[in-house]
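In my numbering, the protein residues as written are 68 to 262.
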């Protein structure tokens, strides 16, 4: 399977980020990851024959061999859900946590009815500091203000639009849901996606 940083970069490219040949430093800045991670990603993309690296002066650049829907079709089976863990917490202001995710996001993109408990996403590495700063505690059955928090392998805010996670990450996080309505809405999301 593809590493989380490589998956993150591929999803960014498929959703129109960084067209043309991409400079490693610019890519790292744009995605908020280290140059070393991006360098490993480039090696991985070359090994998968999805991209070619070339040098312009001293800069290593990335040239994608596939884009859009063709790229999605080539890699979809190797992409994984970005969700590491799900916690239900007592919180009043979900927006402070992160973008809408899960069925809450799916309800924004499709005709699915929004769930009673809102779902938000956050980078897994940010969870501890958020939980400490906002004194988030696990929700009890008696709490009305419950929020489901997904911790992700990459930062959900970077590809989010209008406070909602990006459609392709969303699809990966809900595809194969045992809930038929959710699985159906996920397919609808993908069918309507503008490549």
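Here a beta-carbon is modelled for each residue, glycine too, at the ideal position from N, C-alpha and C. Source: prediction; values computed, not measured.
- At the C-beta level, residue 128 and residue 88 come within 9 Å of one another.
- Here residue 205 is bridged, per DSSP, to 156.
- For residue 215, the pairing in a beta bridge is given by DSSP as 155, 186.
- Residue 246 and residue 143 have their alpha carbons spaced roughly 21 Å apart.
- Spatial neighbours of residue 257 in its own chain (CB-CB distance under 6 Å, excluding positions within 5 residues in sequence) are listed in chain order as 238.
- Residue burial annotation: residue 123 is exposed, with fewer than 16 other C-beta atoms found within 10 angstroms of its C-beta.
- The three-state secondary structure of residue 241, taken from DSSP, is helix.
- Around the beta carbon of residue 116, a 10 Å sphere encloses fewer than 16 other beta carbons of the protein chains shown; the residue is thus reported as exposed.
- Every beta strand (DSSP E) of 3 residues or more that sits fully in the segment 92–141 is shown, in chain order, as 118–123, 126–131.
- In this structure, residue 70 and residue 113 do not form a Cβ contact; the two beta carbons are roughly 13 Å apart against a cut-off of 8 Å.
- Distance from the CA of residue 209 to the CA of residue 215, rounded to the nearest whole angstrom, comes to 15 Å.
- DSSP places residue 179 outside both helix and strand once states are collapsed to three, so it counts as coil.
- Here residue 259 carries a coil assignment [DSSP, helix/strand/coil].
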